[in-house]
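Numbered per UniProt numbering, the sequence shown spans residues 1 to 219.
Heads up, the beta-carbon is just placed ideally off N, CA and C, and yes, glycines get one too.
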Amino acid sequence: MVPTITAFEQSPDRGKGLARDMRVRWALEEVGRPYEVRLVSFKAMKQPAHRALQPFGQIPTYEEGDLVLFESGAIVLHIAERNAGLLPKDANGRSRAIAWMFAALNTLEPPIFERSLLMILDREKPWYEDRLHALESGIRNRLGDLSRRLGDAEWLDGAFSAGDLIMISVLLRLKGSSDILDDYPNLAAYVARGEARPAYRRAFAAQLAVFTSQAMASQ
Ligand SMILES: N[C@@H](CCC(=O)N[C@@H](CS)C(=O)NCC(=O)O)C(=O)O
Numbered sequence: 001m002v003p004t005i006t007a008f009e010q011s012p013d014r015g016k017g018l019a020r021d022m023r024v025r026w027a028l029e030e031v032g033r034p035y036e037v038r039l040v041s042f043k044a045m046k047q048p049a050h051r052a053l054q055p056f057g058q059i060p061t062y063e064e065g066d067l068v069l070f071e072s073g074a075i076v077l078h079i080a081e082r083n084a085g086l087l088p089k090d091a092n093g094r095s096r097a098i099a100w101m102f103a104a105l106n107t108l109e110p111p112i113f114e115r116s117l118l119m120i121l122d123r124e125k126p127w128y129e130d131r132l133h134a135l136e137s138g139i140r141n142r143l144g145d146l147s148r149r150l151g152d153a154e155w156l157d158g159a160f161s162a163g164d165l166i167m168i169s170v171l172l173r174l175k176g177s178s179d180i181l182d183d184y185p186n187l188a189a190y191v192a193r194g195e196a197r198p199a200y201r202r203a204f205a206a207q208l209a210v211f212t213s214q215a216m217a218s219q
């Protein structure tokens with residue numbers, strides 16, 4: 001059965017990989033599963049029909065037969081559990097890969113995402129610079145720890161896994177809006193390795209195509 005995911009009809013970054021359908025597309029590409037995409041407007045996202053799929057009125061969602069899922073991490077975990085290629089075969093290795101998914105979503109993504117929101121919404125506030133500084137110093141602490149753990153390894157724990165997929169997806173948000181990652185060369189190289197994967201490139205192209213085709217249609 002071909003799953004259907006939802007994505008932004010109008011994305012703030014115009015399909016440059018930051019919206020969270022990207023990580024779901026990437027996971028599906030990694031395991032070789034075709035998928036369909038239903039684009040939703042900001043207005044439609046907040047209507048009851050979409051909230052039945054995603055209680056918070058957000059994207060992405062995932063529908064496959066009777067199953068409806070929300071939360072990008074849960075969706076990627078589902079894909080990784082049902083298809084070969086994103087989780088190690090041994091039980092302990094699987095648990096460790098899942099721990100890295102949680103680390104990315106719980107420990108890294110909150111301050112990184114809050115920094116992005118701050119830069120969009122609060123630039124004019126008198127406390128903007130102080131808050132930015134506090135967030136960036138917290139982010140740098142986390143990146144330092146992550147960088148020391150990764151060392152010169154290719155991926156976080158053995159072969160590429162769903163843990164790397166989510167971690168790289170989260171770190172990518174820093175790339176477009178700062179040069180923070182450049183201070184951690186092994187993390188910058190780690191992110192670049194993720195972006196170079198054919199599955200990532202296919203997913204990125206598919207997300208971007210939504211917006212390039214809209215631009216062409218409006219000409
Ligand atoms: N924790 C959720 C976050 C989902 C989320 O924030 N989605 C954003 C797009 S990346 C969204 O729909 N934003 C519009 C809104 O919140 O109104 C997940 O990982 O799926």
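Cut-off 8 Å between Cβ atoms - residues of its own chain near ALA99, not counting five sequence neighbours on either side: On the sequence shown, residue 99 is found 99 positions in, with the first residue counted as 1. Result list for ALA99: GLY163, in chain order.
With respect to 7 Å, is the separation between the Cβ of ILE59 and the closest non-hydrogen atom of ligand 1 below this value? What you label residue 59 is simply residue 59 of the sequence shown in a count that begins at 1. Distances taken from the Cβ of ILE59 to the heavy atoms of ligand 1 include one shorter than 7 Å.
Rounded to a whole number of angstroms, what is the C-alpha to C-alpha distance between GLU64 and SER213? Counting from one through the sequence shown, the residue named residue 64 turns up at place 64. Counting from one through the sequence shown, the residue named residue 213 turns up at place 213. So the alpha carbons of these two residues sit roughly 26 Å apart.
Check GLU64 in the structure and name its three-state DSSP category. By 1-based counting over the sequence shown, the position of residue 64 is 64. Correct three-state label for GLU64: strand.
Three-state secondary structure (DSSP) of ALA159: The residue labelled residue 159 in the question sits at position 159 within the sequence shown. In the structure shown, ALA159 sits in coil (DSSP, three-state: anything other than H, G, I, E or B).
DSSP three-state call for ILE5: helix, strand or coil? Mapped onto the sequence shown, residue 5 falls at position 5. ILE5 falls in the strand class under three-state DSSP.
Straight-line gap, GLU71 to PHE204 (C-alpha atoms, nearest Å): In the sequence shown, residue 71 corresponds to position 71, counting from 1. In the sequence shown, residue 204 corresponds to position 204, counting from 1. GLU71 and PHE204: Cα-Cα distance of roughly 19 Å.
Should the segment 86 to 101 be called in touch with the segment 150 to 163, which here means at least 3 C-beta pairs below 8 Å? Enough Cβ pairs lie closer than 8 Å, so yes.
Taking 7 Å as the cut-off, is the beta-carbon of MET101 closer than that to any non-hydrogen atom of ligand 1? Taking the sequence shown and counting its residues from 1, one reaches residue 101 at position 101. The answer is no for MET101.
Within this structure, are the beta carbons of residue 306 and LEU165 separated by less than 8 Å? The structure shown does not extend to residue 306, since the chain spans only 1 to 219, so no value can be given for it.
On the criterion of 16 or more Cβ atoms from any shown chain inside 10 Å, does GLU30 qualify as buried, or is it exposed? As a first step, residue 30 is located in the sequence shown; it is residue number 30 there, counting from the start. Under this definition GLU30 is a buried residue.
Output the boundary residues of the alpha helix (DSSP H) element that contains ARG140. Here residue 140 refers to the residue found at position 140 when the sequence shown is read from its first residue. Boundaries of the alpha helix (DSSP H) around ARG140: 128 to 150.
Just how far apart, CA to CA, sit LEU132 and ALA189? One-based indexing of the sequence shown puts residue 132 at position 132. One-based indexing of the sequence shown puts residue 189 at position 189. C-alpha separation (whole angstroms): 25 Å.
Enclosing beta strand (DSSP E) for GLU81 [first to last residue]: Taking the first residue of the sequence shown as 1, we reach residue 81 at position 81. For GLU81, no beta strand (DSSP E) segment is defined; the enclosing uninterrupted segment is the alpha helix (DSSP H) at 72 to 82.
Is it the case that the CB of GLU63 approaches a heavy atom of ligand 1 more closely than 7 Å? Counted from its first residue, the sequence shown places residue 63 at position 63. No, since every heavy atom of ligand 1 falls outside the 7 Å radius drawn around the Cβ of GLU63.
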